[in-house]
Each structure stands twice: as C-alpha cells, then as structure tokens.
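K.L.:
Structure incoming, see below.
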Amino acid sequence: MYLSHPVRRMRDDPFEDETATLVVELADADRSDLEAALDDVDGAVERELQLGSVLVSMPETSVDAFCETGGLKRVETADTLGLGIDSGE
52 MYLSHPVRRM RDDPFEDETA TLVVELADAD RSDLEAALDD VDGAVERELQ LGSVLVSMPE
112 TSVDAFCETG GLKRVETADT LGLGIDSGE
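The opening residue of the sequence shown carries number 52 in the numbering used here; numbering runs sequentially from there.
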C-alpha cells in the first residue's frame, strides 16, 4: 500500500485536535469494508471521487489505526491532491 509522506507523518505524530481528510483508493476491499473501518475510527465518507477513489475524514489520531485496514491500495491527504474540504468559513 502506498502512503503519502503527510499520511506517514500523521501516523507517527498526529495532532490531537485536527481532522485528517484523505483520498483512499481500494485494492481488494469493498465499500462496506471501508465504511466499517471508518466507523471503527470515528471517520466518514465525504464523497466519491473519479477513478474509484473516495474522500474520507477522521480524527488525525485515528489515521494510524485506519491505515492498518486490509484492502487499501493508496492513502494520500486531500490537500496534497487539491481536494480539501471547504469548511464554509
């Protein structure tokens, strides 16, 4: 599984009060596996993206546990790809 550098940093040294917004590409997991993994880490699917990727969010302190989910192919930060969620501020 590919993890971008910012995701690896979040796994090793998460900020307590931050939300991680990630782009996830599944390998052999299906959508129900992803949703179950997100439920386990207090995360959510934000929206479907092109080419089968999914935009998800979770507490940054949960990124390490989420990345242990089987069936993930790629996990990157949404900001790296220019897909950050607009907080409406």
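Heads up, the beta-carbon is just placed ideally off N, CA and C, and yes, glycines get one too.
Assuming valine 105 and valine 75 make a contact with CB atoms under 8 Å, what is their CB distance in whole Å?
P.N.:
Confirmed, Cβ separation roughly 5 Å.
K.L.:
Rounded to the nearest angstrom, what separates glutamate 97 and leucine 89 at their Cα positions?
P.N.:
Roughly 11 Å between the two C-alpha positions.
K.L.:
Let's test the definition: count the other Cβ atoms within 10 Å of the Cβ of threonine 142 and tell me whether it reaches 16, buried, or not, exposed.
P.N.:
Nothing about residue 142 can be read from this structure; the chain reaches only from 52 to 140.
K.L.:
Classify histidine 56 as buried or exposed, calling it buried when 16 or more other Cβ atoms lie within 10 Å of its own Cβ.
P.N.:
Exposed.
K.L.:
Give the DSSP-derived three-state secondary structure of leucine 123 in the structure shown.
P.N.:
Strand, per DSSP.
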